[in-house]
Each structure stands twice: as C-alpha cells, then as structure tokens.
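Notes follow the structure.
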Amino acid sequence: MSLGAHLVELRKRLMFAALALVVGMVIAFLVADPIINFITEPVRIIAEKRGDDFSALNFGTITSAFDMRMRIAFSIGIFLSAPVWLWQVWAFIMPGLTRKEVRYTIGFVVAAVPLFFAGCYLGVMIMPHIIELMWSFTPAGATNLYSAQEYYDFIFKLMIVIGISFVLPVFLVALNLAGVMSGRAILKGWRVAIIIATVFAALATPAADVVSMLMLAGILIVLFFAAAGLSLIFDRRKRKRDEASGLLPDPA
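The sequence shown begins at 65 in our numbering and counts up by one.
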C-alpha cells in the first residue's frame with residue numbers, strides 16, 4: 065500500500081474507534097449514578113462515623129457535577145469500547161506482522177488485558193480502606209470537604225497504577241521473547257523484585273491494613289516468578305531449536 069492508502073486506512077480505523085468510544089460514553093453516562101454511589105460510599109461512611117453531614121463530596125463550581133459525570137463516562141466508555149478499538153488497532157498493524165509476531169501479540173493481549181482489569185478491581189476493593197485511613201488523621205473539629213475532581217482523580221489513578229503493576233510481568237516475558245533479557249537474568253533479580261513489590265504494596269494500601277498489603281505484595285511476587293518461569297521455559301525451547309538446527313555447538 066502507498067502512504068496515501070495507509071493514511072486512508074488509518075482514518076477509517078480511527079473513525080470506527082471514535083464512534084465506538086462515543087457509544088460507550090453515552091451508555092456509561094446513562095448508568096453513572098450507580099458508579100458514583102459506589103465510589104462515594106466511603107464518604108458517606110465517614111459522615112456516619114462523625115455523626116454529622118459535614119463530611120461530603122464538594123462540587124466547587126456550577127459545572128463540576130456534570131464534569132465528574134463526563135470523566136466517569138469517558139473512563140468507562142474506554143473500557144466498554146475496548147473490544148472495538150483494540151480490534152481496529154490490531155487490524156491496522158496486523159498486515160505488517162509476520163506469523164510469529166502475530167502469535168506473540170495475541171498471547172501478550174490475552175495475558176495483559178485480564179491482568180490489567182484484575183489490578184483495577186483490586187484497586188477498587190482497597191480504595192475505601194485508604195480513604196477511611198486518611199480520614200482518621202483529620203483533627204477533631206475539622207471538616208472533610210472532598211473536591212469531586214480530586215476525589216475521582218485519586219480513585220482513577222489508583223486503579224490505573226495497580227492495573228499497570230499487574231501487567232509488568234507480561235512485559236518481562238515480552239522482553240525475554242524479544243531477546244533483550246534471559247530468563248536467568250530475570251530470576252536473578254528476585255530479591256529486588258520482592259523489595260519493590262513489598263514497598264509498592266505498603267504505599268498503595270493503608271498501613272493499618274496488613275492483610276491487603278500482604279495480599280497485593282504476594283500477588284505481585286507470584287506474577288514475577290511466573291514471568292521468570294515462563295522465560296526460562298522459552299529460553300530452553302529456543303536453545304533446543306538452535307541445537308537442532310546446528311546454530312549451537314553440540315554440548316558433547
């Protein structure tokens with residue numbers, strides 16, 4: 065295909081992806097109330113514990129309530145339309161991939177997407193504990209007025225960070241398949257990986273909630289060793305293929 069044909073194809077793919085995103089946003093906007101009720105539940109719990117109505121979500125401007133709904137609609141719309149726009153991206157780049165690259169890409173997507181959503185789900189589960197813990201530091205007589213925009217940004221960023229942390233082991237396997245890192249090199253960093261996973265879990269979860277911290281750290285450590293184990297298996301298969309094809313000297 066010529067450059068002009070590639071640009072026409074890209075425009076068509078982008079239009080389909082944008083249309084799917086708009087449809088997903090409309091659906092998410094219509095069902096935003098249950099989502100808002102869920103993510104603001106910790107604020108209501110705090111108000112009940114204080115025995116007053118002063119702890120609340122604060123909409124500081126005339127349009128801030130609408131802006132929050134649009135933010136939620138955009139985020140959920142991306143997730144709802146993911147099958148469509150992911151297919152459009154895949155359909156655009158697939159003709160330029162070899163059969164082996166297609167197989168690796170499919171494996172990467174199949175592994176990364178569920179892990180990312182699992183991380184996001186875990187972030188949603190620990191979010192109320194973090195908010196309640198931070199509230200406990202509020203001095204007596206003070207009022208908690210949470211800015212709606214900052215409140216939503218905190219929850220969204222927490223979900224994204226934990227979701228990405230779950231996908232990092234898949235990137236390690238991808239680096240191994242690309243020949244950048246061997247499985248042995250990945251496994252040698254297990255001490256650093258455990259320290260990083262523990263520190264990250266301690267920062268992402270409340271200090272008082274030891275169970276959540278250990279659960280998150282344990283999941284990340286298991287994913288790391290799973291990535292290292294897969295990389296070692298791939299290295300051994302590659303070594304056997306090279307020996308069979310004569311690319312490596314006979315060990316005997």
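The beta-carbon is built from N, C-alpha and C at its ideal position, and this holds for glycine as well. Values in this document were obtained by computation on a predicted structure and should not be read as measured data.
- Query: Residues in its own chain within less than 8 Å of GLY68 by CB, not counting five upstream and five downstream?
  - Reply: none
- Query: Considering ALA120, what are the terminal residues of the beta strand (DSSP E) in which it resides?
  - Reply: 120-122
- Message: Please report the straight-line C-alpha distance between TRP254 and LEU278, rounded to a whole angstrom.
- Response: 17 Å
- Task: Please say whether ASN240 and PHE172 have beta carbons closer to each other than 8 Å?
- Result: no
- Taking Cβ positions, are VAL148 and ALA81 nearer each other than 8 Å? yes
- Please determine, among GLN152, PRO106 and ALA182, the residue with the shortest C-alpha to C-alpha distance to VAL225. Ranking GLN152, PRO106 and ALA182 by Cα distance to VAL225 puts ALA182 first.
- With burial defined as no fewer than 16 other Cβ atoms inside 10 Å of the residue's Cβ, what is the status of ASP217: buried or exposed? ASP217 should be labelled exposed.
- Message: Between which residues of its own chain and PHE123 is the CB-CB distance below 8 Å, once the five residues before and five after are set aside?
- Response: ALA129, MET132 and ALA212
- Item | Identity of the residue in ILE219, ARG303 and THR202 nearest LYS113 by Cα | THR202
- Query: So, helix, strand or coil for SER211, using DSSP?
  - Reply: In the structure shown, SER211 sits in a strand (DSSP, three-state: E or B).
- Query: Counting Cβ pairs closer than 8 Å, one from the segment 139-155 and one from the segment 74-93, do we hit at least three?
  - Reply: yes
- In whole angstroms, what separates the C-alpha of LEU251 from that of PHE289? 7 Å
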